[in-house]
């Protein structure tokens, strides 16, 4: 486009003498005007097509310079030679050669420009210009060539330095991006208005947001403790723990650290906030604390049970012997008292057995066990103990046969405790279902015990696995503690969900690492 504009300007200047007689541009003979302009425009069009097709390189530049030099010599020769007002074109061509070509090639083309100008001046010796003017012009061309050469070298050095800095910048930018993306911690930058400007992939993943974090305020991402403000947190620095709630309304705990961002002048322009998900760590801490409490209570229970068991057996045995020896001679009131002693001794004996079951080692002999068959046996046992109420309580087993390698007695005890608790919560009418299957990823065996009973309050769920905590009249508070201990002793886990008035759902899982899981073939 620059060449086309220059040629258009020259074309207008060449036409000036025909419309403005006596102008500063000498007239060109009409026979040469059209060919000159045509060659100029055709050459420019040819180079434009070559560039459009992707032609590049020094050869194209040198061909273009050669065409320009020939056209300039032609034009200067037609317009008074050395006295032509178009001699400045040689300067432009010379500067273009020095800037566009390597130093040595630029010097060669500088010599070519001087030679062409000298040849044109010699061929047009009938012109009015004196040879002193030619000498001055040649010296100007040489000086321009030297200056252009020096400027071109400086430009090349600066361009090389600039390219090196740009390349270094891109390398640092790529390294920075790689480091930020590879960090497992969430990392966000916040401006002075407390809005997120950038966030790494880990931050997007940890916060589980369905839309980008950029532009959102930190108030909507993190939940500080009551009384805390972000101004205080960011000003104080250090590490705090706070909550986050993602778009799926899952609450989690994160550890958060904020550091100020400052400009080169030291002005605070924002903060860098890094955070890590501590939800699993907190869960493990609570689990360890619960296990420590259970271990201490278990040791105490074992000692108490052993201390109570022997005298309790003696009392029960003595009462039975006394009742047998007295026979019919004992009074009816005394007989009832002896029956009370025997009955309550038996109840205390069962309580002692529960103590021992809770305190003793939770792992027994493991062998292949069909979970569905165990569930059916448990349901049959509980069904036989139910009073005949015309099917008011429905006990069902669902799922396909599934064999695992576990302690069968431990599994049976767990299901028996859960089913019995479910039946007790029904108030005489309802449904208890045992479902046998696998987890969604297929990595663990799963047994679900669900009932339609009274349910458990949210505050009580946090305590139901603690020993001696019972929300049922007459309960010892050891049944669910025994279930949790037996399942976890085999590497499994227990989850519970419940709604008051709707029922409860207990899910027992055993991972593949703790048991070999495979279906039972019919």
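Numbering (my numbering), first residue to last: 1440 to 1961. Quick reminder that beta carbons are idealized off the backbone N, C-alpha and C, glycines included. A quick note: this is a predicted structure, and the numbers were derived from the prediction, not measured.
What separation, rounded to the nearest whole angstrom, lies between the Cα atoms of residue 1643 and residue 1808?
44 angstroms
Using the DSSP secondary-structure output, state which residues sit across from residue 1715 in a beta bridge.
1694
Determine the contact status of residue 1694 and residue 1664, defining contact as a CB-CB distance below 7 angstroms.
no
Quick check: the Cα distance between residue 1819 and residue 1651, rounded to an integer number of angstroms?
55 angstroms
When the Cα of residue 1640 is compared with those of 1617, 1634 and 1658, which residue comes out closest?
1617
So residue 1640 is in the alpha helix (DSSP H); what residue range does that whole segment cover?
1640 to 1646
With a threshold of 6 angstroms on Cβ separation, who are the neighbours of residue 1715 within its own chain once the five nearest residues in sequence on each side are excluded?
1624 and 1694
Beta-carbon spacing of residue 1747, residue 1781 below 7 angstroms
no
How close, in whole Å, do the beta carbons of residue 1811 and residue 1838 come, if the pair is a contact with beta carbons under 8 angstroms?
6 angstroms
Measuring straight from C-alpha to C-alpha, what distance separates residue 1682 and residue 1692?
5 angstroms
Which whole-angstrom value is the C-beta distance of residue 1761 and residue 1777, which I expect to be below 8 angstroms?
6 angstroms
From 1609, 1895, 1878 and 1850, pick the residue whose C-alpha is nearest to that of residue 1863; which is it?
1895
Does the separation of the CB atoms of residue 1660 and residue 1713 fall below 7 angstroms?
no
From what residue to what residue does the alpha helix (DSSP H) around residue 1622 run?
Unbroken run through residue 1622: none, as it is neither H nor E.
For my contact list, residue 1855 and residue 1817 are in at a C-beta cut-off of 8 angstroms; report their separation, rounded to the angstrom.
5 angstroms
Could you tell me which of 1578, 1879 and 1875 sits nearest to residue 1887, measuring between CA atoms?
1875
Does DSSP put residue 1651 in a helix, in a strand, or in coil?
coil
Rounded Cβ spacing between residue 1784 and residue 1758 (contact assumed at less than 8 angstroms):
7 angstroms
If you drop the 5 nearest sequence neighbours on each side, which residues of the same chain put their C-beta closer than 7 angstroms to that of residue 1904?
1919, 1920 and 1923
Would DSSP call residue 1780 helix, strand or coil?
helix
Can you give the beta carbon distance from residue 1859 to residue 1835, rounded, assuming they're within the 8 angstroms contact cut?
Contact flag wrong, Cβ pair sits at about 16 angstroms.
Considering only C-alpha positions, which residue in the set 1505, 1690 and 1739 is nearest to residue 1544?
1505
Residue 1503: buried (16+ other C-beta within 10 angstroms of its C-beta) or exposed?
buried
How big is the Cα-Cα spacing for residue 1847 and residue 1645?
40 angstroms
Is residue 1873 buried or exposed, if buried means 16 or more other CB atoms sit within 10 Å of its CB?
buried
Which whole-angstrom value describes the C-beta separation of residue 1530 and residue 1549, a residue pair presumed to lie in contact below a C-beta threshold of 8 angstroms?
With 8 angstroms as the limit, residue 1530 and residue 1549 do not qualify as a contact, their Cβ atoms being about 11 angstroms apart.
Quick check for students: name the residue ranges of the alpha helix (DSSP H) that lie wholly in the region 1839 to 1910, counting only runs of 4 or more.
1847 to 1863 and 1897 to 1900
What residues match up with residue 1709 in a beta bridge as DSSP calls it?
1630 and 1700
My understanding is that residue 1950 touches residue 1882, with C-beta atoms under 8 angstroms, so please give their C-beta distance in whole angstroms.
6 angstroms
Beta-bridge pairing of residue 1720 - partner residues as DSSP gives them:
Partner(s): none; residue 1720 has no beta bridge.
Taking all protein chains shown into account, decide if residue 1953 is buried (16 or more other Cβ within 10 angstroms of its Cβ) or exposed.
Any reading at residue 1953 must be qualified, since the residue scores a pLDDT of 47, below 50, and its modelled position is unreliable; no value is offered.
Looking at residue 1931: is its Cβ nearer than 7 angstroms to the Cβ of residue 1948?
yes
Output yes or no for whether 7 angstroms exceeds the beta carbon distance between residue 1655 and residue 1635.
yes
Under three-state DSSP, which class holds residue 1948?
strand
Would you please state the rounded distance, in angstroms, between the beta carbons of residue 1787 and residue 1852? I believe it to be under 8 angstroms.
At roughly 20 angstroms, the Cβ-Cβ gap does not stay under 8 angstroms, so residue 1787 and residue 1852 are not in contact.
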